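Structure record follows, encoded as structure tokens.
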Amino acid sequence: MRFSVQQSHYTADLQWNRVSNLKPSSSEAEILPLGHCGLGVEWRLCERLPAQMSPSSSDHGSKLRARIIFSFSENGTFRLPEANEILSKSWQPRAHLQAIADNFVFVISEPTGAKLKSTAHEALVVFKRWTDKHKLSVSTEKSCNILISKLVSGPSIKWAEKIIKSTTSFKYLGVTIDNKLNWAGHLCNLKTKITHLHQNIRKIAGANWGLNKAYRRRLYITVAERMVLHGAAVWAYPLSARQERQLNSLQRNFLLNISEAYSTTPKVALQVIEGLLPLHLKAEQEAVYVRVTRLGKARNLKDQNFDQDFED
Numbered sequence: 001m002r003f004s005v006q007q008s009h010y011t012a013d014l015q016w017n018r019v020s021n022l023k024p025s026s027s028e029a030e031i032l033p034l035g036h037c038g039l040g041v042e043w044r045l046c047e048r049l050p051a052q053m054s055p056s057s058s059d060h061g062s063k064l065r066a067r068i069i070f071s072f073s074e075n076g077t078f079r080l081p082e083a084n085e086i087l088s089k090s091w092q093p094r095a096h097l098q099a100i101a102d103n104f105v106f107v108i109s110e111p112t113g114a115k116l117k118s119t120a121h122e123a124l125v126v127f128k129r130w131t132d133k134h135k136l137s138v139s140t141e142k143s144c145n146i147l148i149s150k151l152v153s154g155p156s157i158k159w160a161e162k163i164i165k166s167t168t169s170f171k172y173l174g175v176t177i178d179n180k181l182n183w184a185g186h187l188c189n190l191k192t193k194i195t196h197l198h199q200n201i202r203k204i205a206g207a208n209w210g211l212n213k214a215y216r217r218r219l220y221i222t223v224a225e226r227m228v229l230h231g232a233a234v235w236a237y238p239l240s241a242r243q244e245r246q247l248n249s250l251q252r253n254f255l256l257n258i259s260e261a262y263s264t265t266p267k268v269a270l271q272v273i274e275g276l277l278p279l280h281l282k283a284e285q286e287a288v289y290v291r292v293t294r295l296g297k298a299r300n301l302k303d304q305n306f307d308q309d310f311e312d
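Going by this note's numbering, the first residue of the sequence shown is number 1, and it counts up by one from there.
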């Protein structure tokens with residue numbers, strides 16, 4: 001469940017984008033202020049969401065067939081100690097609560113729909129006590145839940161006798177999560193954003209962006225590429241052939257602007273000439289890096305194994 005609390009105030013400054021803080025203690029409750037989402041966003045998304053939602057997750061096995069995410073929006077103000085109170089609660093093994101800024105999300109996995117409903121109800125009861133204690137209200141209009149399962153229909157989720165709407169996808173921390181976990185919606189949104197970015201830059205600076213080649217290249221690497229690779233550790237490992245084609249198609253217009261080549265020039269030739277990696281390789285590279293360095297999980301990329309002790 002995602003909860004969005006308006007006008008939130010924090011009494012602590014948690015720097016998750018520092019190397020020294022890549023391995024927080026699992027016994028500590030964490031909140032990420034919006035101003036410090038950098039690497040921490042990928043770490044938390046990568047560790048929590050895919051591990052509990054992916055059908056191929058080895059941590060849960062093939063018995064877990066029903067997974068649900070509750071996304072709630074709150075109206076109110078709370079401080080860090082109050083949030084830590086609910087985050088440090090002992091939840092059931094297959095229920096996880098995550099918070100960032102004014103959002104709370106429950107990720108719950110169970111083998112059957114009945115157990116899923118029961119676990120969700122128990123989690124909501126505990127959360128309701130916390131909101132009542134601190135006089136916080138939940139906006140059901142801004143709240144939603146998404147079912148990731150082969151079940152025909154999921155359980156009916158209510159908050160204060162009001163049904164929380166079901167949806168097939170929603171955006172969390174800049175990543176669009178869909179009920180099939182194929183990230184098609186996320187890649188579609190990426191294409192729209194990158195296309196608009198390219199068009200707006202051309203309107204402002206002209207066909208060659210009004211800059212020399214070095215600056216055009218830097219603009220692509222620091223702006224466009226980083227927009228595409230946001231949260232890559234969550235959705236980019238592994239990539240399907242279709243996803244690879246979608247990512248590489250986003251790169252073509254920028255390569256043409258950087259190289260000033262004819263529009264008929266093959267994309268592969270442009271990548272070689274400019275020395276820029278194809279986006280799908282860049283995304284997989286970043287996903288493996290985050291999973292190895294932040295999660296401590298060994299990964300394989302292009303027949304090469306990487307583990308936590310790997311050194312360049």
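C-beta: ideal position from N, C-alpha, C; glycine also.
Quick caveat, the model's predicted, so the values are computed rather than measured.
Residue i: first and last residue of the uninterrupted beta strand (DSSP E) it sits in
i, result
"T140", "S137 to S149"
"I108", "N103 to E110"
"Q246", "Where Q246 is concerned, there is no enclosing beta strand (DSSP E), although the alpha helix (DSSP H) it sits in stretches over A241 to S259."
CB contact flag (residue i, residue j, <8 Å)
i, j, result
"H230", "G174", "yes"
"V228", "L190", "yes"
"F127", "I86", "yes"
"L239", "E284", "yes"
"K267", "R245", "no"
"L255", "E274", "yes"
"L219", "P155", "no"
"T196", "L247", "Note that residue 196 is His in the sequence shown, not Thr. In this structure, L247 does not lie closer than 8 Å to H196 by Cβ."
"N179", "T192", "no"
"Q271", "L187", "no"
"A241", "V290", "no"
"I204", "L181", "no"
"K282", "E225", "yes"
Beta bridge counterpart(s) of residue i as assigned by DSSP
i, result
"D178", "S169"
"K158", "I163"
"Q98", "V105"
Own chain residues within Cβ distance below 6 Å of residue i, not counting five before or after
i, result
"S166", "N145"
"T293", "none"
"E28", "For E28, the pLDDT reaches just 30, beneath the cut-off of 50, and the residue's location in the model is therefore unreliable, leaving the point undetermined."
"K158", "none"
"W130", "I86"
Sequence-distant residues of its chain with Cβ nearer than 7 Å to residue i (five each side left out)
i, result
"S26", "With a pLDDT of 32 at S26, under the threshold of 50, the predicted position of this residue should be treated as unreliable, and no value is reported."
"K89", "V126"
"H198", "N253 and F254"
"R65", "Residue confidence is low: R65 scores 44 on pLDDT, short of 50, so the model does not pin down where it sits. Its coordinate-derived value is still stated next. Excluding positions up to five away in sequence, the list reads P111, S149 and K150."
"W91", "L97 and A123"
"H176", "Reading off the sequence shown, one finds Thr at residue 176, where the question assumed His. Only S169, G185, H186 and N189 meet the Cβ criterion."
"K213", "I258"
"A269", "none"
"W235", "V175, W183 and H186"
"E161", "none"
Unbroken alpha helix (DSSP H) run spanning residue i, endpoints
i, result
"A283", "L279 to T293"
"H121", "G113 to K133"
"A233", "A232 to W235"
"A269", "K267 to E274"
"A214", "K213 to L219"
"V228", "E225 to L229"
Interface flag, residue i vs chain C, CB-CB below 8 Å
i, result
"E161", "Among the chains in the structure shown there is no chain C, since it carries only a single protein chain."
Chain-order list of residues whose beta-carbon lies under 8 Å from that of residue i (same chain, five-residue window excluded)
i, result
"R48", "Note that R48 scores a pLDDT of 48, beneath 50, so its modelled location is shaky; the value from the coordinates is reported in the next line. Closer than 8 Å at the Cβ level, and outside the excluded window around R48, lie H96, Q98 and V107."
### Task
Please determine if the segment 84 to 96 and the segment 114 to 131 are in contact, where contact requires at least 3 C-beta pairs separated by less than 8 Å.
yes
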